[in-house]
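Following: one structure in structure tokens, then a few remarks.
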Amino acid sequence: MDNYLDTSIEFLKGVGPKKASLLNTELGIFKFSDLIFYFPFRHIDRSKFYRISEIDADYPYVQFIARVRRVELIEGKGRRLVVSVYDNTGALDLVFFQSIKWMKDYLKPGADYIIFGKPTVYKSTFNFVHPEIELYTENARLSLGGLQPVYHSTEKLKAAGLDSRGISRLTHTLFSGFNAEFKETLPASILESLKLMPRNQAIRMAHMPQNAELLQKAMFRLKFEELFYVRLKLLLQNQAHKTQFKGYQFGSIGDYFNDFYAKHLKFELTGAQKRVLKEIRRDLSTGAHMNRLLQGDVGSGKTIVALMTMLMALDNGFQACLMAPTEILATQHYQSIKELLEPMNLEVGLLTGSTKKSQRNKIHAALQSGDLKILIGTHALLEEQVKFKNLGLAVIDEQHRFGVAQRAEMWKKNTLAPHILVMTATPIPRTLAMTLYGDLDVSVIDELPPGRKPIETRHFFENKRLSVIGFMKREIEKGRQVYVVYPLIEGSEKMDYKHLQEGYEAISRDFPGIHISMVHGKLRSEEKEFEMQRFVKGQTKIMVATTVIEVGVNVPNASIMVIENAERFGLSQLHQLRGRVGRGAEQSYCILMTDYKLSSEARVRMETMVRTNDGFEIAETDLKLRGPGDIEGTQQSGILDLKIADLAKDQKILAIANSFAAEVLELDSGIMKPENAILRYELAQKAKNN
Numbered sequence: 148m149d150n151y152l153d154t155s156i157e158f159l160k161g162v163g164p165k166k167a168s169l170l171n172t173e174l175g176i177f178k179f180s181d182l183i184f185y186f187p188f189r190h191i192d193r194s195k196f197y198r199i200s201e202i203d204a205d206y207p208y209v210q211f212i213a214r215v216r217r218v219e220l221i222e223g224k225g226r227r228l229v230v231s232v233y234d235n236t237g238a239l240d241l242v243f244f245q246s247i248k249w250m251k252d253y254l255k256p257g258a259d260y261i262i263f264g265k266p267t268v269y270k271s272t273f274n275f276v277h278p279e280i281e282l283y284t285e286n287a288r289l290s291l292g293g294l295q296p297v298y299h300s301t302e303k304l305k306a307a308g309l310d311s312r313g314i315s316r317l318t319h320t321l322f323s324g325f326n327a328e329f330k331e332t333l334p335a336s337i338l339e340s341l342k343l344m345p346r347n348q349a350i351r352m353a354h355m356p357q358n359a360e361l362l363q364k365a366m367f368r369l370k371f372e373e374l375f376y377v378r379l380k381l382l383l384q385n386q387a388h389k390t391q392f393k394g395y396q397f398g399s400i401g402d403y404f405n406d407f408y409a410k411h412l413k414f415e416l417t418g419a420q421k422r423v424l425k426e427i428r429r430d431l432s433t434g435a436h437m438n439r440l441l442q443g444d445v446g447s448g449k450t451i452v453a454l455m456t457m458l459m460a461l462d463n464g465f466q467a468c469l470m471a472p473t474e475i476l477a478t479q480h481y482q483s484i485k486e487l488l489e490p491m492n493l494e495v496g497l498l499t500g501s502t503k504k505s506q507r508n509k510i511h512a513a514l515q516s517g518d519l520k521i522l523i524g525t526h527a528l529l530e531e532q533v534k535f536k537n538l539g540l541a542v543i544d545e546q547h548r549f550g551v552a553q554r555a556e557m558w559k560k561n562t563l564a565p566h567i568l569v570m571t572a573t574p575i576p577r578t579l580a581m582t583l584y585g586d587l588d589v590s591v592i593d594e595l596p597p598g599r600k601p602i603e604t605r606h607f608f609e610n611k612r613l614s615v616i617g618f619m620k621r622e623i624e625k626g627r628q629v630y631v632v633y634p635l636i637e638g639s640e641k642m643d644y645k646h647l648q649e650g651y652e653a654i655s656r657d658f659p660g661i662h663i664s665m666v667h668g669k670l671r672s673e674e675k676e677f678e679m680q681r682f683v684k685g686q687t688k689i690m691v692a693t694t695v696i697e698v699g700v701n702v703p704n705a706s707i708m709v710i711e712n713a714e715r716f717g718l719s720q721l722h723q724l725r726g727r728v729g730r731g732a733e734q735s736y737c738i739l740m741t742d743y744k745l746s747s748e749a750r751v752r753m754e755t756m757v758r759t760n761d762g763f764e765i766a767e768t769d770l771k772l773r774g775p776g777d778i779e780g781t782q783q784s785g786i787l788d789l790k791i792a793d794l795a796k797d798q799k800i801l802a803i804a805n806s807f808a809a810e811v812l813e814l815d816s817g818i819m820k821p822e823n824a825i826l827r828y829e830l831a832q833k834a835k836n837n
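Residue numbers for the sequence shown follow this note's numbering, so the first one is 148 and each next one is one higher.
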């Protein structure tokens, strides 16, 4: 069987060298097995044939049989082919803007065709733009009935006749020459417990379903298998990490932690902060290496948790460091931590790309002698010459900006790897965090400190521009500051700059005499820093910027965030931007300005932002709208190479897969029992193929 599946796709009937080359480059299909595991992303029920009089514009897709009355080529602007068709209940037009020559030759007046597509209304009459069309024969009618698989294709493939139908035909050809069975990959205990369809049947049924019920069972089986192995692999990695890597045992809580908590902390910790500190404390006391992700919405108090964890390290005779992705963010952490520790007379160091050489030398010496116990900085901390006397804890802020390789670099900073606490303000739904960060334990701060006023979010169209300007003026008169953010247009820095420049000029006209800062990607880092600092010090009242401020500067006096062309931003990004305000005691506002024409998805994004401030609810909605590939950090993880499961839609299946994977390891931590031999084999095969 394996020899057959390893055959080059070029040798499948109907492919050949040219199509094989396209399948290689466009879809990564090189062998017969690649085509078998290239699953359809949905199925369409084509069992029903409509009459023309029954067709309604609200129907997503319809199929009908009609006769061609005439084929007319309309030249000039908007060149198109209009095909008039009819049955004994009515008539309508088919319209083609592409493949005109081929269609003109293919469609013959007086012949009957099977037509499938989405109905649209144009000038009060129905038409179909670029429907699928096939000459009617009884065989064609039978083969097109029932559930039809729909495969992702590309423009190049479609031009070569490999649209969804073309790929489906190749799959049918492949299966018709293949009678062997696909080997089972799951233990009998799981198959019985979940009453799963056998793998052999499920694979065939996904491509050629007999009915909706069997298709549903097949899809559940294949998705469960994929997610189960993802979770099992990650749980094994986590388990191996804890047994293989020893960490420094922080056995005691001493004066640094206790004095800070009892004497210098000016506010009560939230229940969530206390819970997370207990989880971290438990990790640090075991002697195993801590590798923990701390998730918390903007303003939830992650920095205090990080600082108190650093003080645990100091109490046990170790040093601690915090690494941030940008100089602005590192400086912000440095200033707030320095201020919090000032009463304790505890020195804090700052090391970034712009730290002067003389200062660097002092920091290097103090680190190696052990006099400098806390160092905050950017990726400059990873430089080889940065040597600690005994680094016990590394806190990494905004994980997705660094990646696994840089996290590993930090491990080399001591004989034993320092404990790692990774922080992110990008809320990730728990199911996704489970899969993305399976090698990390996950802690969540899911409540905001008391007394913090929720940010009011409002959505306005362009016709309310004057009232928004009036509102901004009134807030500035009260002494407040304003952010105005413009979107980045993908792949067009010139357009971004032009867009921002026009916005800056318009705001300058609307706010004469008001000092304005402007920050964008083309500025050098020192210019950016200068403009940011002017805004932080209150010398400028309005900051006009692109999304460079998404992660960074903390200005308690800035109480308004105006987001221009808000429809161009993803939900999580809108929420991150909103988190730049609401840092002080005053009521803060986020104003979303959009065009009148909004897609249904953009409308959902605006409604969600206005309705809730909960980052985790927003992340769940974002996941459903955009899928996991767009959530920051997911692409670099290498984990989400899923062939059939969809983390946005299959969260329930993921939860089931997780519980079964955890149960397997609970009963057989080394997967050594005879009944789990199938799991050992599959994990080894997957490791070999990666």
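From the three backbone atoms N, C-alpha and C, an ideal C-beta is built for every residue, glycine too. Because the structure is a prediction, the values reported are computed rather than measured.
Rounding to the nearest angstrom, what Cα-Cα distance links residue i and residue j in this structure?
{"i": "H354", "j": "E754", "result": "38 Å"}
{"i": "H436", "j": "R368", "result": "36 Å"}
{"i": "Q798", "j": "K669", "result": "41 Å"}
{"i": "F179", "j": "A834", "result": "21 Å"}
{"i": "V232", "j": "F211", "result": "11 Å"}
{"i": "P851", "j": "D742", "result": "As displayed, the chain neither begins before 148 nor continues past 837, which places residue 851 out of reach and without an answer."}
{"i": "N508", "j": "D544", "result": "25 Å"}
{"i": "L174", "j": "D181", "result": "9 Å"}
{"i": "G817", "j": "R827", "result": "9 Å"}
{"i": "E285", "j": "N610", "result": "58 Å"}
{"i": "E649", "j": "V702", "result": "25 Å"}
{"i": "L152", "j": "I350", "result": "14 Å"}
{"i": "T693", "j": "K195", "result": "51 Å"}
{"i": "K838", "j": "D192", "result": "The structure shown does not extend to residue 838, since the chain is modelled only from 148 to 837, so the question has no answer here."}
{"i": "I661", "j": "E673", "result": "23 Å"}
{"i": "T301", "j": "K165", "result": "15 Å"}
{"i": "Q420", "j": "T390", "result": "28 Å"}
{"i": "A513", "j": "Q466", "result": "11 Å"}
{"i": "K303", "j": "S168", "result": "11 Å"}
Looking only at its own chain, which residues have a Cβ that is under 7 Å from the Cβ of residue i, when we skip the five neighbours before and after it?
{"i": "F375", "result": "A804, F807 and A808"}
{"i": "R227", "result": "I221, V242, F243 and F244"}
{"i": "V495", "result": "Y481, I484, K485, L488, I521 and I523"}
{"i": "R312", "result": "E279"}
So, at 8 Å on beta carbons, what are the nonlocal neighbours of residue i in its own chain, with the 5 sequence-adjacent residues on each side left out?
{"i": "V162", "result": "I156, L170 and L317"}
{"i": "I825", "result": "E331, T332, L333 and P334"}
{"i": "L159", "result": "F179, L182, L317, T320 and L321"}
{"i": "S655", "result": "I663"}
Near residue i, which residues of its chain fall below 6 Å by C-beta distance, leaving aside the five closest residues on each side in sequence?
{"i": "V542", "result": "A453, L469 and L568"}
{"i": "L812", "result": "L382"}
{"i": "D815", "result": "N823"}
{"i": "E603", "result": "Y736"}
{"i": "I778", "result": "Low confidence applies here, because I778 scores a pLDDT of 46, under 50, leaving its location unreliable and the question unanswered by this model."}
{"i": "G401", "result": "D462"}
{"i": "L830", "result": "none"}
Do residue j and residue i have their beta-carbon atoms positioned less than 8 Å apart in this structure?
{"i": "L309", "j": "F273", "result": "no"}
{"i": "V242", "j": "V276", "result": "yes"}
{"i": "I800", "j": "K342", "result": "no"}
{"i": "Y260", "j": "E279", "result": "no"}
{"i": "G434", "j": "K393", "result": "yes"}
{"i": "V757", "j": "M708", "result": "no"}
{"i": "I199", "j": "T172", "result": "no"}
{"i": "P634", "j": "N712", "result": "yes"}
{"i": "K449", "j": "I592", "result": "yes"}
{"i": "L538", "j": "P565", "result": "yes"}
Can you round the beta-carbon distance between residue i and residue j to whole angstroms, since I take them to be within the 8 Å contact cut?
{"i": "K534", "j": "Q515", "result": "6 Å"}
{"i": "L497", "j": "T473", "result": "With a Cβ gap of about 13 Å, L497 and T473 do not count as contacting."}
{"i": "N843", "j": "G398", "result": "Outside the shown range of the chain, which is 148 to 837, sits residue 843, and nothing can be said about it."}
{"i": "T571", "j": "L440", "result": "7 Å"}
{"i": "R727", "j": "Y630", "result": "6 Å"}
{"i": "I738", "j": "V615", "result": "6 Å"}
{"i": "I791", "j": "F186", "result": "5 Å"}
Using 8 Å as the cut-off, can you tell me whether the segment 678-685 makes contact with the segment 610-625, which would need three or more C-beta pairs spanning the two stretches below that distance? no
Quick check: the segment 475-490 against the segment 755-763, are at least 3 beta-carbon pairs closer than 8 Å? Between the segment 755-763 and the segment 475-490 there are fewer than three C-beta pairs closer than 8 Å, too few to call the two in contact.
Three-pair Cβ contact test at 8 Å for the segment 672-679 versus the segment 590-599: no
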